[in-house]
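The first sequence lines up with residues 584 to 875 when you count with our numbering.
Glycine residues also receive a C-beta, built at the ideal position from the N, C-alpha and C atoms.
What you are looking at is a predicted structure, and each value in this text was computed from that prediction instead of being measured.
Inspection log for the structure reproduced underneath, given as structure tokens.
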Amino acid sequence: MRIATWNVNSIRTRYGRVVDWLVRNDVDVLAMQEIKCKPEQFPVEAFEQAGYQLEIHGLNQWNGVAFASKHEMTEVSRGFDAMPGFGKPIKGQEAVQGEGPNGLPLEARALGVTVGDLRLWSLYVPNGRGLEDPHFSYKLAWLEALRTNTEAWLAEDPELPLALMGDWNIAPFDADMGDPSFTPGVSTHVSAEERAMFASFAPSVSDVVRPIVPEGYTFWDYKAGRFPKNEGMRIDFIMGSEAFADAVTGASIDRDERKGDAPSDHVPVVCDVDPSLFGGTFEDEYDRPMVF
DNA sequence: ATGCCATCAGAATGATGA
584 MRIATWNVNS
594 IRTRYGRVVD
604 WLVRNDVDVL
614 AMQEIKCKPE
624 QFPVEAFEQA
634 GYQLEIHGLN
644 QWNGVAFASK
654 HEMTEVSRGF
664 DAMPGFGKPI
674 KGQEAVQGEG
684 PNGLPLEARA
694 LGVTVGDLRL
704 WSLYVPNGRG
714 LEDPHFSYKL
724 AWLEALRTNT
734 EAWLAEDPEL
744 PLALMGDWNI
754 APFDADMGDP
764 SFTPGVSTHV
774 SAEERAMFAS
784 FAPSVSDVVR
794 PIVPEGYTFW
804 DYKAGRFPKN
814 EGMRIDFIMG
824 SEAFADAVTG
834 ASIDRDERKG
844 DAPSDHVPVV
854 CDVDPSLFGG
864 TFEDEYDRPM
874 VF
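See below:
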């Protein structure tokens, strides 16, 4: 079973490339970030014609997360418990977003679904903007709330095959930062606070791709020829619980998707899991031969 | 110091991104 995450940077601009990639690679479940649209604006037909169902969480032209899956998705969660908001205090039209425990508007950055025995999240971690910016403390608070939830989910079911997939907007190690415009001690994505926060997700979840793909970036800025110079960053991760990690049989970062016409600035990160290692009914349900 | 390039909304001398 093939599972992937991809910050698509506008699904309306990119859906042709995304659906083509899904079909070519026989992907079962894709977590998308930065769809940059509301559900009614999402190009659902292109996905459905290719055999994919969709779950979409989009509030406006910013952020937005979604899942495309060949298999039924249940227990859909938009956001997580005590997720903080950001922006100007709720008033008028913004009230449709709801508000976080800090009284600020919620953003479309987290979507959870259950597929078989798997619990999967598509996550778009706040950027941070600058170390002194209010967006930076939002980023850390948002991640702390996510970690608290993660620990609670696994306390309730230590055997849960859980994956937190998405754009984490953190380069956890020095080798993950190849963009010279990011300065240690000055820039977001490489600060000690962000790296400590990322590290604090252990031992609940761990990066299931890095052991198999030790090197490589997942993002290259459009500006300044970052891709041809290979000045990228590794910031997109599939973080799996122990039960999930134990079932991983392969992984890849599809660097080629940064090439060609109108690419996203991020590329897909992929892992393969063996459903039989989860037990339960998952194997029976998904190892059935395809019938056309 | 800034733009670099890309996206969206809507008409900005914009906002956001990482």
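Could you check whether residue j and residue i sit closer than 8 Å to each other, using their CB atoms as the reference points?
i      : j      : result
ASP740 : TYR707 : no
VAL788 : LEU745 : yes
PHE876 : GLU638 : With the chain covering 584 to 875 only, the question about residue 876 has no answer from this structure.
GLU814 : PRO763 : yes
VAL602 : PHE630 : yes
ASP837 : VAL856 : no
ASP790 : MET816 : no
ARG730 : PHE784 : yes
ALA830 : LEU860 : yes
ALA587 : VAL606 : no
Can you say whether residue i is buried or exposed, counting buried as having 16 or more other CB atoms within 10 angstroms of its CB?
i      : result
SER652 : buried
LYS842 : exposed
ASN732 : buried
PRO755 : buried
GLY599 : exposed
THR524 : Since the first and last residues shown for the chain are 584 and 875, residue 524 lies out of range.
LYS619 : buried
GLN676 : Summary for GLN676: the model assigns pLDDT 48, below 50, so the residue's position carries little reliability; its value from the coordinates is reported in the next sentence. Looking at its Cβ environment, which holds fewer than 16 other Cβ atoms inside 10 Å, GLN676 is exposed.
GLN616 : buried
VAL690 : Strictly speaking, residue 690 in this sequence is Glu, with Val absent from that position. Its Cβ being crowded by 16 or more others within 10 Å, GLU690 is buried.
ALA738 : exposed
In whole angstroms, what separates the C-alpha of residue i from that of residue j?
i      : j      : result
LEU642 : PRO811 : 34 Å
TRP589 : PRO672 : 31 Å
GLY670 : PRO688 : 6 Å
GLU658 : TRP704 : 11 Å
PRO846 : GLU628 : 21 Å
VAL591 : TRP645 : 13 Å
PHE820 : ASP759 : 12 Å
TYR635 : ARG793 : 28 Å
ASP848 : SER593 : 11 Å
LYS621 : ARG595 : 11 Å
TRP736 : GLU742 : 10 Å
Near residue i, which residues of its chain fall below 8 Å by C-beta distance, leaving aside the five closest residues on each side in sequence?
i      : result
ASN710 : HIS718, LYS722, ASN752 and THR771
ALA728 : PHE663, ASP664, ALA665, MET666 and PRO667
VAL769 : LEU714
ALA693 : HIS640, VAL648, SER660, ARG661, GLY662, PHE663, MET666, TRP704, SER705, LEU706, TYR707 and LEU729
By Cβ distance, which residues of its chain are closer than 7 Å to residue i, with the 5 residues on each side in sequence left out?
i      : result
TRP604 : GLU840 and PRO851
ILE795 : GLY833 and ALA834
Between which residues of its own chain and residue i is the CB-CB distance below 6 Å, once the five residues before and five after are set aside?
i      : result
ASP611 : MET584, ARG585 and LYS653
**Entirely enclosed beta strand (DSSP E) segments - the segment 673 to 710, minimum 3 residues** = If we require 3 residues or more, the beta strand (DSSP E) runs fully inside the segment 673 to 710 come out as 693 to 698 and 701 to 707.
**Item:** In chain order, each beta strand (DSSP E) run of at least 3 residues that lies wholly inside the segment 773 to 850
**Value:** Counting only runs of at least 3 residues, the segment 773 to 850 fully encloses the following beta strand (DSSP E) elements, listed from N- to C-terminal order: 819 to 823 and 831 to 836.
**Prompt:** What residue ranges within the segment 723 to 769 form continuous beta strand (DSSP E) runs of no fewer than 3 residues, ordered along the chain?
**Reply:** Runs of the beta strand (DSSP E) lying entirely within the segment 723 to 769, each at least 3 residues long, are 745 to 750 in chain order.
**Message:** Just to confirm the assignment: which complete alpha helix (DSSP H) runs, minimum length 4, are found wholly within the segment 600 to 647?
**Reply:** Segments of the alpha helix (DSSP H) lying fully in the segment 600 to 647: 627 to 632.
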